[in-house]
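**Q**
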Amino acid sequence: MIIESVKLVYFSPTGTTRAVVRGIARGLDPGNVEVRDITLPDARIEPLQASENDLLVIGVPVYRGRVPALLAGWLHALSARNTPAVCVVVYGNRIYDDALIELGDILTQRGCRPIAGAVYIGEHSLSTDDVPIAPGRPDAGDLFHAESFGRKIQEKLDAIPSADRITDIALPGCRPYRGDSRLQAADFIAVGDACIQCGICAEVCPVGAIDPEESRRIDTAACITCCACIKNCPQHARSIKPGSVHDMSVRLHALCGERKEPECFL
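For the sequence shown, the positions run 0 to 265 when numbering that gives the first Met the number 0 is used.
1. Can you tell me the Cα-Cα spacing of S161 and A236, whole angstroms?
2. Please give the ranges of any alpha helix (DSSP H) in the segment 31 to 105, keeping only runs that are unbroken, at least 4 residues long and fully inside the region.
3. Tell me, which residues are paired with L254 by DSSP?
4. Could you spell out the range, first to last residue, of the alpha helix (DSSP H) harbouring C263?
5. So, using beta-carbon positions, are N31 and E3 closer together than 8 Å?
6. Taking the straight line between their C-alpha atoms, what separation do you get for A76 and R174?
7. Hey, out of P40, R43, D53 and L170, whose CA is closest to K6's CA?
8. Restricting to runs no shorter than 3 residues, where is the beta strand (DSSP E) found entirely within the segment 166 to 224?
9. Going by DSSP in three states, G149 sits in which element: helix, strand or coil?
10. Is it right to say I1 is buried, meaning 16 or more other beta carbons lie within 10 angstroms of its own, or is it exposed?
11. Would you tell me roughly how many angstroms separate the C-alpha atoms of E33 and Q196, rounded to the nearest one?
12. Rounded to a whole number of angstroms, what is the C-alpha to C-alpha distance between K266 and I168?
13. Can the beta-carbon of A24 be found less than 8 Å from the beta-carbon of L55?
14. Output the distance between the C-alpha atoms of W73 and V61, rounded to the nearest integer angstrom.
15. Assuming N81 and C255 form a contact by the criterion Cβ under 8 Å, report the distance between their Cβ atoms to the nearest whole angstrom.
16. Using DSSP's beta-bridge definition, name the partner residues of A5.
17. Return the CA-CA distance between S126 and S214, expressed in angstroms with no decimal places.
18. Please state whether the Cβ-Cβ distance between C222 and A185 is less than 8 Å.
19. Measure the Cβ-Cβ separation of D210 and A201 and say whether it is below 8 Å.
20. Any idea if G135 is buried or exposed, counting beta-carbon neighbours within 10 angstroms, 16 or more meaning buried?
21. Can you give me the Cβ contacts of T16 inside the same chain, cut-off strictly under 6 Å, excluding the 5 residues immediately before and after it?
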């Protein structure tokens, strides 16, 4: 089938999901590309529209085994018409549970025809130099896999005469979905004396939880524990406080040390 445009969509507070989706795009080698980075709040105001002549590649991180709850409104406003779609989820080397099948179900409900799905590993949001959890992922091997996956998707598209001929793919997961992707409020970010109030932490926060005039002021009810503010601070002035979140990172470091590999479903 002929694809006139590839629409790349990703929510990626720390850049891992973005790297995977762009790796897949390199394998597709599309001529016409539209990129929709929906990480920041303003980018999630305008809904996406797609047609049967588009290929939608959408990637999200896994939160507690599910699609992030904060994306529900934007995803359910998506308008598609028989649009081939590639579902991608990225998790921190722990579990991805029902995130992939949930994303596939949402896209199907909005008018897409899932043609492929994939699961990749990204450095966990709570990973630090002292307590690494999947550090450096996606790495060169992951991105090579992503490009190869993109080429396989293109081969599948080339063999299909039209979107109506796309057959259902089996994505792993359970219905009803397990767990709850909503996160509890957590006051876990320490701001040190090295902070110069540059405002970068507020700029990169995907939920606007940081006061741009006073970076120590954090809306803990809105915070999604993505740690984008910590990882993007040029002064390394932000860190994880001792407490429950730090203890969780230590447990994950101990339990998730074995390397997991990407999975793809065509």
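Every residue, glycine too, gets a C-beta built ideally from N, C-alpha and C.
**A** The answer reads as follows:
1. Counting from 1 along the sequence shown, the entry for residue 161 is found at position 162. Counting from 1 along the sequence shown, the entry for residue 236 is found at position 237. Answer to the nearest angstrom: the Cα atoms are 53 Å apart.
2. If we require 4 residues or more, the alpha helix (DSSP H) runs fully inside the segment 31 to 105 come out as 71 to 76.
3. Residue numbering aside, residue 254 sits at position 255 when the sequence shown is read from its first letter. Per DSSP, none; premise fails for L254.
4. As a position in the sequence shown, residue 263 is number 264, starting the count at 1. No alpha helix (DSSP H) contains C263, which is instead part of the beta strand (DSSP E) from E262 to F264.
5. Numbered from 1 along the sequence shown, position 32 holds the residue referred to as residue 31. Numbered from 1 along the sequence shown, position 4 holds the residue referred to as residue 3. In contact: N31 and E3 (Cβ atoms closer than 8 Å).
6. Along the sequence shown, one-based indexing puts residue 76 at 77. Along the sequence shown, one-based indexing puts residue 174 at 175. Each residue's Cα considered, the two are about 22 Å apart.
7. Translated into positions along the sequence shown, residue 6 becomes position 7. Per the Cα distances, D53.
8. 188 to 190 and 213 to 217
9. The residue labelled residue 149 in the question sits at position 150 within the sequence shown. Three-state DSSP puts G149 in a helix.
10. Working through the sequence shown from its first residue, we reach residue 1 at position 2. So I1 counts as exposed.
11. Stepping through the sequence shown from its first residue, residue 33 is reached at position 34. Stepping through the sequence shown from its first residue, residue 196 is reached at position 197. When rounded, the distance between both Cα atoms is 34 Å.
12. This structure gives no information on residue 266, because the portion of the chain shown stretches from 0 to 265.
13. As a position in the sequence shown, residue 24 is number 25, starting the count at 1. As a position in the sequence shown, residue 55 is number 56, starting the count at 1. No, they are not a contact pair.
14. Here residue 73 is taken as the residue at index 74 of the sequence shown, counted from 1. Here residue 61 is taken as the residue at index 62 of the sequence shown, counted from 1. The straight-line gap from Cα to Cα measures roughly 16 Å.
15. Translated into the one-based positions of the sequence shown, residue 81 becomes position 82. Translated into the one-based positions of the sequence shown, residue 255 becomes position 256. Rounded, the Cβ-Cβ distance is 39 Å, inconsistent with contact.
16. Reading the sequence shown from its first residue, position 6 is the one you call residue 5. Here residue 5 is Val; the residue named in the question, Ala, does not match the sequence. Looking at the DSSP output, V5 sits in a beta bridge with V32 and L54.
17. On the sequence shown, residue 126 is found 127 positions in, with the first residue counted as 1. On the sequence shown, residue 214 is found 215 positions in, with the first residue counted as 1. For S126 and S214, the distance between alpha carbons rounds to 22 Å.
18. One-based indexing of the sequence shown puts residue 222 at position 223. One-based indexing of the sequence shown puts residue 185 at position 186. Taking 8 Å as the Cβ cut-off, C222 and A185 qualify as a contacting pair.
19. As a working mapping, residue 210 is identified with position 211 in the sequence shown. As a working mapping, residue 201 is identified with position 202 in the sequence shown. Contact: yes.
20. In the sequence shown, residue 135 corresponds to position 136, counting from 1. Answer is exposed; the Cβ neighbour count stays below 16.
21. Here residue 16 refers to the residue found at position 17 when the sequence shown is read from its first residue. The residues are Y9, G58, P60 and V89.
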